[in-house]
Structure formats: structure tokens, C-alpha cells
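Comments concern the structure below.
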Amino acid sequence: MNKAILFPGLKRNISFQYVIDTIPRGEHTFSSVRIKTGDLFGMMEKEVTLSVPDTYLVYPQYVDITYRQLENHFEQGALSANLNLAKNSTVSVGVREYKPGDRFSWIDWKATARTNNIMTKEFEQQRSHNIMIFMDRTESPLFESVVTFTASIVRAVLKQNSPASFVSVGKERTFFPLDNGDSQLQQIFCHLAKVQADSVFPLSRSVEMELKKVYEPVTILLVTSDLSPDIQKTADYAAIQNRKLLVFVVKEKPNQLSHRELSILETLQKRKIFVNVVYENRYTNVVFEVSK
1 MNKAILFPGL KRNISFQYVI DTIPRGEHTF SSVRIKTGDL FGMMEKEVTL
51 SVPDTYLVYP QYVDITYRQL ENHFEQGALS ANLNLAKNST VSVGVREYKP
101 GDRFSWIDWK ATARTNNIMT KEFEQQRSHN IMIFMDRTES PLFESVVTFT
151 ASIVRAVLKQ NSPASFVSVG KERTFFPLDN GDSQLQQIFC HLAKVQADSV
201 FPLSRSVEME LKKVYEPVTI LLVTSDLSPD IQKTADYAAI QNRKLLVFVV
251 KEKPNQLSHR ELSILETLQK RKIFVNVVYE NRYTNVVFEV SK
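Mapping of the sequence shown onto the UniProt record's numbering: position 116 corresponds to residue 116, and the numbering continues sequentially without gaps.
As C-alpha cells, then:
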């Protein structure tokens, strides 16, 4: 509750502004204003409560991470990710849905029969640097840190007008299809402002379901606070599907990985799957490189 003492003097109208320094993310409702007036000696007092309903949406916190699409890397201080794109346009690297202008010779008849949609081959040079971001909504004491880092990654990518989709699955499924720009950023931030740690089934299931719908090349960014066997299962599935996967594990401070997490980390690193442990307030110490 915010309080202030005002001295109106002879003024018939006065205005007052105040700032709430710390307020958690989310949707907040202010219902009323209580006004109490009286004289300096306390001999006369009057109080009234006015109904002034209003709603405010507080976005999540974020840190500034610079993303440079031209050089294909993320960067915040020492944070970087290099994505080297091959130039070979004669090798088919995947399939996607038919688009006007595609050549007849590009049609992949097996994929067309399997999906009942006209599917065309995709060549390396046609690839765009698309990103799909998953946020782990498993209940965790570090969930707010997961939201903050997710918001930071989303903002970094979209502020450079790079295309990104976003998947968040808890009691409800929220999906923002591939898009870029401020409109996409605002929609995702509105979701992150109210999102809760209420996942009802494993994240690996969500990733598998979403990737089955995606035919074009995509780089997957996954943010979690627990390097669990389910995350390992997710990484294994992404590898089978030949998808590039970057896993960010958010921790409060160094040396907080459990023995189980260290074992999974070692296993994933041996399989050349990128995993990066990110510490609160120390994002500038993170370094990673990815190349095709």
C-alpha cells in the first residue's frame, strides 16, 4: 500500500504521481483509492474510499543480449554463437510444403504421399535462419530466472528482425508461429508476463509434437533450470530429426549442478549436443560456438 501526505492549500484540484519501484511480473488490478483529510491539529478528519478500478500488465525482466544475424551469432560480452551456413544449393537437406514458384522437379513424392500434402525438396541455399524457442514450464524455484532468460533471448532475436517461433506448454498450449518484429515481441512478452510453472506433461513430448509439424530447417533454443533425463530425451529426439539444438540451463550460481545433471551433461557433450549452463547476473561469462 502506497501512502502520501499532500498539502493542497487553497487549491481546488491537486494531482499526485507515484512510482512503485518493485512489482512482480503479471497482471495487477488496482481497485480503489482511500483519501483521508483533516486539519493540522487533528480536530477534524474525513475519510472516503473511491472505486477506481484499473489493470496493469507488468512485463518480465530481461537482460540486453545482442544478436547479429549477419554474422549469425548471439553475443552479450563474451556470449557468441557462430552459425556457418553452407553454400551448396544442389544437395537436398529437407522437405517443406509446396509454395507457388517451386519447380515440378522439386516435388518429393514420398513425403507427399506420407503427409497427403504436396511437399517439395529444400536445398541448402534456400534455408533461412529460423529459430524455435521452447521454455520449460516445469515447477522449479528458479522458474522466474527461466522466464527472465527466455525473455532476453526472445528480445535479442526479434529486435534484429530475425524470424522466430515460440512454444510454451503448461496447462494450456501457447504457440506463436514464425514471425519477426515488435508485434511478435509484444505478444510473446504479454504471454511471459502471465506464464506459470504449471507443466502437466514432459517437455520432450511438447518438442516432439511441435517438430512433427515443422519441415523447414530450424535451430531450437531450449531454456530450462533442470538438466533432467527428459531434457536428454528431447536432445536425443532432436538429433534423430537432424535438428540443431541449443540447451540453456539456468542456475543461481556456479557448482549447482547435481551429480545426475553432471552425468547427463557429460553424455550430451560426448554426443556433440550443445549445452550451456547460465548463471544469474553472469550472462556475460557465457561462451558458445555452433557450426554446421
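Glycine included, each C-beta is placed from N, C-alpha and C at the ideal position.
**Report entry** Neighbourhood of V95 by C-beta, 8 Å cutoff - its chain only, sequence neighbours within 5 removed
**Finding:** Against the sequence shown, residue 95 aligns to sequence position 95. D108, A111, M119, T120, K121, E122, Y215, listed in sequence order.
Query - F149 and F274 closer than 8 Å at C-beta - result: For the purposes of this step, residue 149 is identified with residue 149 of the sequence shown, where counting begins at 1. For the purposes of this step, residue 274 is identified with residue 274 of the sequence shown, where counting begins at 1. Cβ atoms of F149 and F274: not closer than 8 Å.
Query raised in the report: Distance, Cα to Cα, T219 vs A235?
Result: Taking the first residue of the sequence shown as 1, we reach residue 219 at position 219. Taking the first residue of the sequence shown as 1, we reach residue 235 at position 235. In a straight line, the C-alpha of T219 is about 12 Å away from that of A235.
Report task. Classify E27 as helix, strand or coil using the three-state DSSP reduction. Result -> As a position in the sequence shown, residue 27 is number 27, starting the count at 1. It is a strand residue.
Query raised in the report: Between the C-alpha atoms of N242 and K3, what's the straight-line distance to the nearest angstrom?
Result: Residue numbering aside, residue 242 sits at position 242 when the sequence shown is read from its first letter. Residue numbering aside, residue 3 sits at position 3 when the sequence shown is read from its first letter. For N242 and K3, the distance between alpha carbons rounds to 59 Å.
Query raised in the report: Of the choices A113, R25, K36, L158, whose alpha-carbon is the least far from that of I65?
Result: Sequence index remark: in the sequence shown, residue 65 carries index 65 (1-based). For the residues A113, R25, K36, L158, the minimum Cα distance to I65 belongs to L158.
Query raised in the report: Do you know how far the Cα of W106 is from the Cα of L211?
Result: Counting from one through the sequence shown, the residue named residue 211 turns up at place 211. Counting from one through the sequence shown, the residue named residue 106 turns up at place 106. Computed Cα separation, rounded: 22 Å.
Report task. Hey, could you find the ends of the beta strand (DSSP E) A164 is sitting in? Result -> Mapped onto the sequence shown, residue 164 falls at position 164. Here the beta strand (DSSP E) through A164 covers 164-169.
Query raised in the report: Counting along the chain, where does the beta strand (DSSP E) carrying K11 start and finish?
Result: In the sequence shown, residue 11 corresponds to position 11, counting from 1. Unbroken run through K11: none, as it is neither H nor E.
**Report entry** Inter-residue Cα distance where the pair is Y56 and A238
**Finding:** As a first step, residue 56 must be located in the sequence shown, where it is residue number 56. As a first step, residue 238 must be located in the sequence shown, where it is residue number 238. Going from the Cα of Y56 to the Cα of A238 covers about 39 Å.
Report task. Go ahead and label M135 buried or exposed: buried means 16 or more other beta carbons lie within 10 angstroms of its beta carbon, across all protein chains shown. Result -> Sequence index remark: in the sequence shown, residue 135 carries index 135 (1-based). So M135 ends up on the buried side.
Query raised in the report: Relative to the C-alpha of M209, which residue among R173, V277, H191 is closest?
Result: Within the sequence shown, the letter at position 209 stands for residue 209. When only C-alpha atoms are compared, the closest one is R173.
**Report entry** Local Cβ density within 10 Å of Q17, reported as buried at 16 or more and exposed below that
**Finding:** Indexing the sequence shown from 1 puts residue 17 at position 17. By the neighbour-count rule (16 or more Cβ atoms within 10 Å), Q17 is not buried but exposed.
Query raised in the report: Any idea which residues DSSP pairs residue 299 with across the strands?
Result: Any property of residue 299 remains undetermined from this structure, which presents the chain solely from 1 to 292.
Query raised in the report: Counting pairs of beta carbons, one from the region 138-148 and one from the region 160-169, are three or more of them closer than 8 Å?
Result: no
**Report entry** Complete alpha helix (DSSP H) runs within the region 90-122 (minimum length 4 residues, chain order)
**Finding:** 109-115
Report task. State the CB to CB distance for the pair K227 and T138, rounded to an integer number of angstroms; the pair is presumed to be in contact (CB under 8 Å). Result -> Within the sequence shown, numbered from 1, the residue matching residue 227 stands at position 227. Within the sequence shown, numbered from 1, the residue matching residue 138 stands at position 138. Sequence inspection shows Leu at residue 227; the Lys mentioned does not correspond to that position. Cβ atoms of L227 and T138 stay farther apart than 8 Å, at about 12 Å.
Query raised in the report: L245 to Q196, Cα distance in whole Å?
Result: Taking the first residue of the sequence shown as 1, we reach residue 245 at position 245. Taking the first residue of the sequence shown as 1, we reach residue 196 at position 196. Between L245 and Q196, the C-alpha separation is close to 24 Å.
Query - Status (buried if at least 16 other CB within 10 Å, exposed otherwise) for F166 - result: Residue 166 sits at position 166 when you count from the first residue of the sequence shown. Classification of F166: buried, given that the 10 Å Cβ count is 16 or more.
Query - Whole-angstrom distance between S168 and T224, CA atom to CA atom - result: Within the sequence shown, numbered from 1, the residue matching residue 224 stands at position 224. Within the sequence shown, numbered from 1, the residue matching residue 168 stands at position 168. Spanning the two alpha carbons is a distance of roughly 12 Å.
Query raised in the report: Are there 16 or more other CB atoms within 10 angstroms of the CB of M132, so buried, or fewer, so exposed?
Result: Here residue 132 is taken as the residue at index 132 of the sequence shown, counted from 1. M132 comes out buried.
**Report entry** Boundaries (first-last residue) of the beta strand (DSSP E) holding R56
**Finding:** Locating residue 56 in the sequence shown gives position 56, counting from the first residue. According to the sequence as given, residue 56 is Tyr; it is not Arg. Under the DSSP assignment, Y56 falls in the beta strand (DSSP E) whose first and last residues are 45-58.
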